[in-house]
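Number of protein chains: 2
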Amino acid sequence: MATGISGSTIHPPDLRQALVAAAAELAAESGSAEISLRAVARRAGVSEAAPYYYFADKAALLAAVAVEGFARLDQAQAAAMAAAGPHPGQRLAALGVAYLRFAVEQPHYFGLMFRAAVQRPADRYPDVEAVAGRVFDRLVEATRAARQAAGHDDADADGAALVAWAAMHGLARLWLDGPASREASPRRLEQLLAGAVQALAGVALAEPDNPDGAL
Amino acid sequence: MATGISGSTIHPPDLRQALVAAAAELAAESGSAEISLRAVARRAGVSEAAPYYYFADKAALLAAVAVEGFARLDQAQAAAMAAAGPHPGQRLAALGVAYLRFAVEQPHYFGLMFRAAVQRPADRYPDVEAVAGRVFDRLVEATRAARQAAGHDDADADGAALVAWAAMHGLARLWLDGPASREASPRRLEQLLAGAVQALAGVALAEPDNPDGAL
DNA sequence: CTGCAGGTATTAACAATGTTAAATCACGAA
DNA sequence: TTCGTGATTTAACATTGTTAATACCTGCAG
Chain A
5 MATGISGSTI
15 HPPDLRQALV
25 AAAAELAAES
35 GSAEISLRAV
45 ARRAGVSEAA
55 PYYYFADKAA
65 LLAAVAVEGF
75 ARLDQAQAAA
85 MAAAGPHPGQ
95 RLAALGVAYL
105 RFAVEQPHYF
115 GLMFRAAVQR
125 PADRYPDVEA
135 VAGRVFDRLV
145 EATRAARQAA
155 GHDDADADGA
165 ALVAWAAMHG
175 LARLWLDGPA
185 SREASPRRLE
195 QLLAGAVQAL
205 AGVALAEPDN
215 PDGAL
Chain B
5 MATGISGSTI
15 HPPDLRQALV
25 AAAAELAAES
35 GSAEISLRAV
45 ARRAGVSEAA
55 PYYYFADKAA
65 LLAAVAVEGF
75 ARLDQAQAAA
85 MAAAGPHPGQ
95 RLAALGVAYL
105 RFAVEQPHYF
115 GLMFRAAVQR
125 PADRYPDVEA
135 VAGRVFDRLV
145 EATRAARQAA
155 GHDDADADGA
165 ALVAWAAMHG
175 LARLWLDGPA
185 SREASPRRLE
195 QLLAGAVQAL
205 AGVALAEPDN
215 PDGAL
């Protein structure tokens, strides 16, 4: 019952949360998503096997960090939407820029969110999927609004949103993995992304009922 | 002088190439890019320290596999272009579909190509960059042709190509990492991508000389 | 034929990691 | 106090990346 929020007795240091925080710290310091479970334990000031009481394995700990990462991204995107104007296309662009900026500024979180966390279909992490789903839902809604404003009242908002997500995600990954960082600056990537998502909002995509998608 | 193609004496088994092949095999079997250097040596039938005569470290071996992966992608894209029609937009779409299909069908290669290979700016791998550059060059050319056919004779072909690459890469990664594979099939992703790249070809993007990019 | 030099590979070892089983500790309930 | 159970540590194992030292050729000089 240690995983519950309120047990019969509370343990003040709350090791589980401390471990997640230590993992996030180490990832931030190294700038990478590759951290050692033992180093996390040492940072938290506990024995090297202590994490196994709270997490099934290393991937489960990283998934917990990924959940926090998605929550922070969600927060950043909410702030970006609040600061954006009323034009649906610009709001979608703001969402994308926030996504890209988050990836560039917090590469450790971004890496963790998509590496060991969401991966193989056997053992998934429902917490990660839930919070990631919220981020995607916001994107679907913004995409639907932008496309509707552009005259596309298609039922395939999910497909258009997925393509928009891909544009954001692709630019982010190409930057983080090297190729794009030798071609352009983050500032320039943001401009390209803003133009791209607004372009995608204003064009007809293949309909799911029309498998041969003319365009 | 062991790295040269022809030394004074040839060593018939050609261990270096055998190690690269063994690594590709193991990656293909596990479907993942995470392989053990010792396992590679065992597969190649040599001692576990033998690879260190030909490769500085594990990353260097993986970079060699990445080079072969990029070469295969290049080949697949060349075939797709040869089979595609004359319409520049459709040719660009064919390039993207080939990229996505390669990623889905050969995830081990795709993962290796962007993981330890191209990464950190300190120690890069010129071979990987060279062959990756050829793939990107082809994309730039196809994008320039498609945009020119659509009436956009912009000098910023690189930016447009980078966005197109991002769309391909993003869909591929979202599929491989989970999110997209729960939303759509590869077939559907290909349709979405074909529509997206043609949309990007037909729209105005932010010009590099116009930092505030109106659209 | 002998021996030696150099490229090639093996052996052995080290530190670090993920993981598990067993032992220990702390502390409230009976 | 004693017991029991949640929480943590200790100790161990297998595996990994990596390196230094050593052995194995094989061709050539003497």
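Sequence order for the protein chains is A and B.
Start counting the first sequence at 5; every next residue gets the next number (our numbering).
Start counting the second sequence at 5; every next residue gets the next number (our numbering).
Built from N, CA and C at the ideal position, the CB exists for glycine as well.
These figures come from a predicted structure and were not determined experimentally.
**Q.** Candidates A:G182, A:V24 and A:A86, of which the one nearest E72 (chain A) by Cα
**A.** A:V24
Q: Could you say if the segment 147-156 of chain A and the segment 187-195 of chain B meet the contact criterion of at least three C-beta pairs nearer than 8 Å?
A: no
Q) Quick one: any contact between the segment 173-188 of chain A and the segment 166-173 of chain B, if contact means 3 or more CB pairs under 8 Å? A) yes
(Q) Going residue by residue through the segment 175-212 of chain A, where are the continuous beta strand (DSSP E) segments of at least 3 residues, counting only ones entirely within it? (A) none
Q. Who are the near neighbours of G93 (chain A) in its chain, counting only those whose CB is closer than 6 Å to its CB and skipping five residues on each side?
A. A150, Q202 and A205
Q: Note down, in chain order, every chain A residue with its Cβ under 7 Å from the Cβ of E187 (chain B).
A: D162 and L166
Q) Of all the options A:E52, A:A134 and A:V44, which has the alpha carbon lying nearest to the alpha carbon of F3 (chain A)? A) Residue 3 (chain A) cannot be examined here, being either before or after the span of chain A that is shown, 5 to 219.
Q.
Is P92 (chain B) close to chain A? Criterion is C-beta to C-beta, closer than 8 Å.
A. no
(Q) Taking beta-carbon pairs under 7 Å, can you tell me which members of the segment 105-121 of chain B lie near chain A? (A) F118
Q.
Does R42 (chain B) pass the burial test, meaning 16 or more other C-beta atoms within 10 Å, or should it be called exposed?
A. exposed
Q. Is DSSP giving V59 (chain A) helix, strand or coil here?
A. Sequence check: residue 59 (chain A) is Phe here, not Val. Three-state result, F59 (chain A): coil.
Q) So is Q152 (chain B) in contact with chain A if we call contact Cβ pairs under 8 Å? A) no
Q | Coarse secondary structure for G49 (chain A), derived from DSSP in three states | A | coil
Q) Which chain B residues are close to R177 (chain A), counting only those with a beta carbon under 9 Å from its beta carbon? A) F118, A170, H173, G174 and R177
Q: Could you tell me the boundaries of the alpha helix (DSSP H) in which R138 (chain A) lies?
A: P130 to A153
Q) If you draw a straight line from the alpha carbon of G49 (chain B) to that of A22 (chain B), how long is it in whole angstroms? A) 9 Å
(Q) Restricting to Cα atoms, I'd like to know which of B:V144, B:W179, B:R95 and B:R119 is closest to D162 (chain B). (A) B:V144
(Q) Quick test of your reading: I39 (chain A) and A31 (chain A), contact by CB under 8 Å. State the CB separation rounded to the nearest angstrom. (A) 5 Å
**Q.** DSSP-derived helix/strand/coil call for D78 (chain A)
**A.** helix
Q: Would you mind giving the Cβ-Cβ distance between A184 (chain A) and R119 (chain A), rounded to the nearest angstrom? I have them listed as a contact below 8 Å.
A: Rounded, the Cβ-Cβ distance is 19 Å, inconsistent with contact.
Q: Classify G35 (chain A) as helix, strand or coil using the three-state DSSP reduction.
A: coil
(Q) Using the three-state DSSP reduction, which class does H173 (chain B) fall into: helix, strand or coil? (A) helix
Q. For A98 (chain B), which of B:A168, B:A67, B:G182 and B:W179 has the nearest alpha-carbon?
A. B:A168
Q) Mapping DSSP to helix, strand and coil, what is A86 (chain A)? A) helix
(Q) 8 Å is my cut-off, CB to CB: does P183 (chain B) come that close to chain A? (A) yes
Q. Taking the C-alpha atoms as reference points, what is the distance between L180 (chain A) and Q110 (chain B)?
A. 22 Å
Q.
Tell me the residue span of the alpha helix (DSSP H) that contains A98 (chain B).
A. P92 to E109
**Q.** H112 (chain B) (DSSP reduced to helix, strand or coil)
**A.** helix
Q) Does the separation of the CB atoms of Q81 (chain A) and V139 (chain A) fall below 8 Å? A) yes
**Q.** Proximal residues of chain B, C-beta to C-beta of L41 (chain A) below 9 Å
**A.** Under the 9 Å cutoff, chain B gives no residues; its nearest Cβ is about 16 Å from L41 (chain A).
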